[in-house]
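Q: Chains as they are written, first to last, in the numbering used here: chain A, 1 to 506; chain B, 1001 to 1170.
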Ligand code: SF4
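#1: Can you tell me whether residue 8 of chain A is buried or exposed, with buried defined as 16 or more other CB within 10 angstroms of its CB?
#2: Where does residue 456 of chain A sit, in a helix, a strand or coil, going by DSSP?
#3: On the DSSP bridge list, what partners appear for residue 465 of chain A?
#4: Residue 484 of chain A: buried (16+ other C-beta within 10 angstroms of its C-beta) or exposed?
#5: Using a 10 Å radius around the Cβ and a threshold of 16 neighbouring Cβ atoms, would you call residue 1078 of chain B buried or exposed?
#6: Comparing alpha-carbon positions, which option in A:393, A:407 and A:310 lies nearest residue 342 of chain A?
#7: Would you mind sorting residue 147 of chain A into buried or exposed? The rule is 16 or more other CB atoms within 10 Å of its CB.
#8: DSSP on residue 55 of chain A, reduced to helix/strand/coil?
#9: If contact is defined by three or more beta carbon pairs under 8 Å, each pair taking one atom from either stretch, is the stretch 298-308 of chain A in contact with the stretch 369-380 of chain A?
#10: Check this for me: beta carbons of residue 125 of chain A and residue 192 of chain A, under 7 Å apart or not?
#11: Please tell me whether residue 157 of chain A has its Cβ less than 7 Å away from any Cβ of chain B.
#12: Any contact between the stretch 257-266 of chain A and the stretch 492-500 of chain A? By contact I mean 3 or more CB pairs, one from each, below 8 Å.
#13: Compute the Euclidean distance between the alpha carbons of residue 1076 of chain B and residue 1070 of chain B, then round it to the nearest angstrom.
#14: Under 7 Å, do residue 36 of chain A and residue 83 of chain A count as touching if we go by C-beta distance?
#15: Return yes when the Cβ of residue 178 of chain A is within less than 7 Å of the Cβ of residue 166 of chain A, no when it is not.
#16: Taking 7 Å as the CB-CB cut-off, is residue 120 of chain A touching chain B?
#17: If we count Cβ pairs, one from each stretch, closer than 8 Å, do we get three or more for the stretch 1091-1104 of chain B versus the stretch 1122-1133 of chain B?
#18: I want to know whether the stretch 412-424 of chain A touches the stretch 232-239 of chain A - three or more CB-CB distances under 8 Å.
#19: Which residues end up in the neighbourhood of the ligand SF4 when you take C-beta atoms closer than 6 Å to any of its heavy atoms?
#20: To the nearest whole angstrom, what separates the beta carbons of residue 13 of chain A and residue 31 of chain A, a pair I think is in contact under 8 Å?
#21: Assuming the contact rule is C-beta atoms closer than 8 Å, residue 1052 of chain B and residue 1139 of chain B should be a hit. Round their C-beta distance to whole Å, please.
#22: Within the continuous alpha helix (DSSP H) that includes residue 262 of chain A, where are the two ends?
#23: With distances taken Cα to Cα, identify the nearest neighbour of residue 512 of chain A among A:253, A:307, A:371 and A:229.
#24: Hey, out of B:1108, B:1122 and B:1087, whose CA is closest to residue 1135 of chain B's CA?
#25: If I follow the unbroken alpha helix (DSSP H) through residue 33 of chain A, where does it start and stop?
#26: I'd like to know whether the C-beta of residue 1137 of chain B is nearer than 7 Å to at least one C-beta of chain A.
#27: Would residue 1069 of chain B count as contacting chain A if we go by Cβ distances under 7 Å?
#28: Indicate whether at least one CB of chain B lies closer than 7 Å to the CB of residue 208 of chain A.
#29: Using only the alpha-carbon positions, how far apart do residue 1108 of chain B and residue 133 of chain A sit?
#30: Which residue marks the beginning of the beta strand (DSSP E) containing residue 104 of chain A, and which one marks its end?
#31: Is there a Cβ from chain B that is less than 7 Å from the Cβ of residue 161 of chain A?
#32: Could you name the residues that DSSP lists as bridge partners for residue 449 of chain A?
#33: So within the stretch 313-385 of chain A, which uninterrupted alpha helix (DSSP H) runs reach at least 4 residues, ignoring any that extend past its ends?
#34: Go through its chain and collect everything with a Cβ distance to residue 27 of chain A's Cβ below 6 Å, but skip five positions before and after it.
#35: From the beta carbon of residue 1134 of chain B, is the nearest beta carbon of chain A less than 7 Å away?
#36: Report yes if the C-beta distance between residue 107 of chain A and residue 91 of chain A is below 7 Å; otherwise report no.
Written out as structure tokens, the structure reads:
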């Protein structure tokens, strides 16, 4: 355990003016190392690690006190003490910083490139952006030694309708002894596109970091902008935002429950869940004008008010789901052959989940109760009563049940929101910053907590924006989940995680 | 329980019962698709989906083509796991530099005759992601494209319309 609290350590740094709502402080290398040790000690959770020219930033959370903060280390010589050396969840983030910004994590345990596959015309696009030196040597996968081991390379193009990434399995007979992920294939350079963008374009871009989580990203971005500019959002907009967020959660969880069962060859569940998901998308289109709800949340509020008959449409949706979903849950519960595939499969040690600060259904199915709607919390959830379902089994079955509980919870939340939806304007005018300002926000998407940090120029354009997907802290655990499972169970494990490639690759 | 579900499934075929006009258009569209596909290829059409850098939004709507409302397979369309079995490549995303080679190789692995459909605003010209160091641009920058289905993302009906259009121009 840590002797000092996160607040005490952060108080040792020099506060940066105009960073809201949590403090950001400039720290010395000593404090940076103290922070790394605190993270490694387990008292704090790493929320994000990113860089810009000459500076590395680290966001951390202390669950026991709710303290949140950002520490920034000036790196005049182009390096910083590796956080990943002490705290493994930071390793891939550091590799991304080295690729994108060119800052080197000193003594990092893994110095291989991560997002840079040697295919870009530039090196360190967020740093000095020098012309690329060309192709990199072949990616050195981790060595494996032992008798009768064989390797199975999969991807980047996969067999299904899914995103691209490479998986290198090392198997002993049927059992997987190691999975190594190689990601970065869908790196779109979003952070570089965001630099210098006007707010409207930036909102559209951040809303497309991971299409399935467009509401969560748009909300996190809007909240960060509103924090930076000290803009007050009308009450009505807060409630509409929650409605959007719960519709997104509902659609994705329904899709996932069906898809996981389908990967255990139980297609019936997929067929039924896909119908329910489609009903959610149609109701979303009817009420908000877009099936996936893209561009509905904008800095300052939401883009448009609900059309007149929306409450009726949404109540009908909830009623339909309440009628159709329970029999499917019962079906899952009563199908022993399906549970035979899911129970005990893809187990992740809860200690690992806590260490990685793994959020979303994976975290809550493995005993970690974190839910950003509660802590740090944001309106209107602070005025809504809702339980946080948590399970301890941490296997595929638990991840399915967690989603089932959250579907039920979202239905209840949608009903409550409809009951209490206040009237009034849906959008407030953004304050013009007048001087550079910074904002940060943490929002609970269907996949877990989405972090957005940004700095705005005096004219309101984006100077630097870093969106961090929950998948950063989930992908590494998939490697742990599949260990000692059979190769044939990988799709099942993978789907039960449903990490985002696009959100991670940026 | 399962028996009851099967009965439900038989009693309520969503594709037929749904009353909205778009459903009718869909059914018509489907029948047309079926005829043209048979005339062109004398059999069903196999589609291989390739995500060349999308935000995954387009994938969600392509997935929806398989649900009971759109039920793509009733028209003889089906998604296949290998490009070697495919007639059509359905490509999404602002082809990223990191995916370029994989896309080229997938195209090369698809036997002739083949068609390429670029899906989404991104597939057309890079969409919101155009102009950066990490994206090549639209699909046509990398492989020959026969049809674009714009939208962000295009909805399932637009995707179906696009597939029909493809068959008509070929
Ligand atoms: S067109 Fe839109 S939905 Fe499709 S990949 Fe591009 S941003 Fe995502």
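Just so you know, even glycine gets a beta-carbon here, dropped at the ideal spot from N, CA and C.
Bear in mind the structure is a predicted one, so any value in this text is a computation, not a measurement.
A: In brief:
#1: exposed
#2: strand
#3: A:454
#4: exposed
#5: exposed
#6: A:393
#7: exposed
#8: strand
#9: no
#10: yes
#11: yes
#12: yes
#13: 12 Å
#14: yes
#15: no
#16: yes
#17: yes
#18: yes
#19: A:208, A:211, B:1054, B:1055, B:1057, B:1058, B:1092, B:1093, B:1120, B:1121, B:1122, B:1127, B:1128, B:1152 and B:1153
#20: 6 Å
#21: 7 Å
#22: 235-262
#23: Residue numbering for chain A in the displayed model covers 1 to 506; residue 512 of chain A lies beyond these limits and cannot be assessed.
#24: B:1122
#25: 29-41
#26: no
#27: yes
#28: yes
#29: 28 Å
#30: 104-106
#31: yes
#32: A:444
#33: 336-342, 350-356 and 360-364
#34: 13, 71 and 73
#35: yes
#36: no
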